[in-house]
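When we follow the UniProt record's numbering, the leftmost residue of the sequence shown carries the number 1, and every step to the right adds one.
Step one of this worksheet: look at the structure below.
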Amino acid sequence: MNASSQTPPGALPTETSSPPLQAAFATFGVALPVPAGSPAAPAPVSPDASPAEAVTAVVAAEMAKDKPVTPRDIATAEMEAGIVFDPARFKMAVDAAREQARAEYSAELAERGDQLAVMTDFKHRLDRVMRAIEGRPDNDTMLVREILAAVHGTAPYADVPMTLAWTRSVDVPEQGAEDQRAVVDCVTAHGGRAHLVLTRDERQALASLLDAEIVRDIHAPCPHSKACGLTDDEIDAAYPKLFGWSRVFIVGLDEPGRWYCTPACVSRALARAGEKLAEADNRAELDGGL
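Set out below in structure tokens:
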């Protein structure tokens, strides 16, 4: 019979068993300092150690010292071991972390503000340069001082509106088209091209403002369709785009009926017919008087 077979079951001998204090500190992940003169024995981690066992181990270790132990010494040992929760220390750690996060956020926000200010200033400079060269043809030249004045916002013409002259050309979409924006062709004072783009509502608003003082030209060509005003022989009546059009035949004029695309075109056609009928009446009166 050997020595190992004579070991009774149960707890290991004192020489090989781990002290409860070391097992408790191993469970909580804290290295336990071994007092001077204590035997150096291995301290395996015990997964079954409970908080009560850890507290018991800390108290036992304090009471085993060669000096009088006060309750404050025991409480201090428990706090240093991390067993006792200290609200004040926890609050200090939370406040420090919050203050650090606030400082980092403030620094990042200040940096973003500086970057935004730089980008905004650059955009304003670019806008001023674009306004200075707007309406100029690609072969035009500018003085350096004009460009610098535009960059720094000291140009005397920075707030002067650009003048456009109408070329008497308008690109109006046909009825039923998905895009109902009209493009008014213009030219700048420097000879550059410019377009005034108007939506359907804007066209109606502008027309109402212009018609307040100016009589519409009844002899102007239709801006909507080149087929407007054509006769039956000139246009195919079965053409799908004639849906919704009006055929006008004027009694008293030796002219065939004509097709018009909008009520405004019909109104101008009737006005032109009225002029022709008035001229015919005047000629008839002159012929009768002779």
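Glycine included, every Cβ here is placed at the ideal spot set by N, Cα and C.
### Query
Which same chain residues, not among the five before or five after V172, have their C-beta less than 6 Å away from its C-beta?
Cβ neighbours of V172 within its own chain (closer than 6 Å, five residues either side excluded): A182, P223 and H224.
### Query
Just checking my contact of V151 with R125 at CB under 8 Å: how many whole Å lie between their CB atoms?
Rounded, the Cβ-Cβ distance is 5 Å, consistent with contact.
### Identity of the residues DSSP links to D185 by a beta bridge
DSSP lists H195 as partners of D185.
### Task
Please report the residue range of the alpha helix (DSSP H) in which D121 lies.
Taken as a continuous stretch (DSSP letters only), the alpha helix (DSSP H) holding D121 covers P87 to I133.
### Message
Please report the straight-line C-alpha distance between S18 and V58, rounded to a whole angstrom.
### Response
The pLDDT assigned to S18 is 47, lower than 50, so where the model puts this residue is not dependable; a value taken from the coordinates is nonetheless given after this. Pairing S18 with V58, the inter-Cα distance amounts to about 14 Å.
### Task
Flag this pair as touching only if the segment 186 to 198 and the segment 131 to 142 have three or more C-beta atom pairs under 8 Å; answer yes or no.
The segment 186 to 198 vs the segment 131 to 142: in contact.
### Message
Does W166 pass the burial test, meaning 16 or more other C-beta atoms within 10 Å, or should it be called exposed?
### Response
So W166 ends up on the exposed side.
### Query
Taking C-beta to C-beta, are A205 and L164 nearer than 8 Å?
Not in contact: A205 and L164 (Cβ atoms no closer than 8 Å).
### Message
On the criterion of 16 or more Cβ atoms from any shown chain inside 10 Å, does S38 qualify as buried, or is it exposed?
### Response
For S38, the predicted structure reports a pLDDT of 43, less than 50, and the residue's modelled location is therefore unreliable. A value from the coordinates is still provided. With fewer than 16 other Cβ atoms inside 10 Å of its own Cβ, S38 counts as exposed.
#### Entry: Backbone secondary structure at L230 - three-state DSSP
L230 falls in the coil class under three-state DSSP.
### Task
In the DSSP assignment, find the unbroken alpha helix (DSSP H) run with V248 in it and report its ends.
Premise fails: V248 lies in the beta strand (DSSP E), S246 to V248, not in any alpha helix (DSSP H).
### Query
Leaving out the 5 sequence neighbours to the left and right, which residues in its chain are closer than 7 Å to D232 when beta-carbon positions are compared?
Within the same chain, Cβ atoms closer than 7 Å to the Cβ of D232 are found at P256 and G257, the five residues on either side in sequence being excluded.
### Query
Roughly how far, in whole angstroms, is the beta-carbon of L253 from the beta-carbon of L230, given that I think they are within contact range, below 8 Å?
Rounded to whole angstroms, the Cβ separation of L253 and L230 is 16 Å, and the two are not in contact under 8 Å.
### Query
Measuring CA to CA, which of L242, P71, H219 and E234 is closest to L270?
Closest in C-alpha terms to L270, from the list L242, P71, H219 and E234, comes H219.
### Closest by C-alpha distance to R128, when choosing among E104, T141, E146 and V118
Nearest option by C-alpha distance: E146.
### Continuous beta strand (DSSP E) stretch holding A149: start and end
Looking at the DSSP string, A149 is not in any beta strand (DSSP E); the run it does join, the alpha helix (DSSP H), is V144 to H152.
### Task
Please look up how many angstroms separate the CB atoms of Y260 and V248, rounded, as I've assumed it's under 8 Å.
The pair is a contact, with the Cβ atoms about 6 Å apart (cut-off 8 Å).
### Query
With respect to the alpha helix (DSSP H) encompassing S208, which residues constitute its N-terminal and C-terminal limits?
Run containing S208: R200 to L210, per the alpha helix (DSSP H) assignment.
#### Entry: Cut-off 8 Å between Cβ atoms - residues of its own chain near V170, not counting five sequence neighbours on either side
If we look at V170 and ignore the five residues flanking it on each side, its Cβ neighbours are A182, V183, V184, D185 and P223.
### Message
For I235, which residues in the same chain have their Cβ closer than 8 Å to its Cβ, ignoring the five residues on either side in sequence?
### Response
Excluding sequence positions up to five before and after I235, its CB lies within less than 8 Å of the CB of A227, L242 and W259, all in the same chain and listed in chain order.
### Query
Quick one: Cα of M119 to Cα of L109, how far?
Going from the Cα of M119 to the Cα of L109 covers about 15 Å.
### Query
Is R283 helix, strand or coil by DSSP?
In this structure, DSSP gives R283 a helical state, which the three-state scheme calls helix.
#### Entry: Cα-Cα separation, S106 to A155
Computed Cα separation, rounded: 38 Å.
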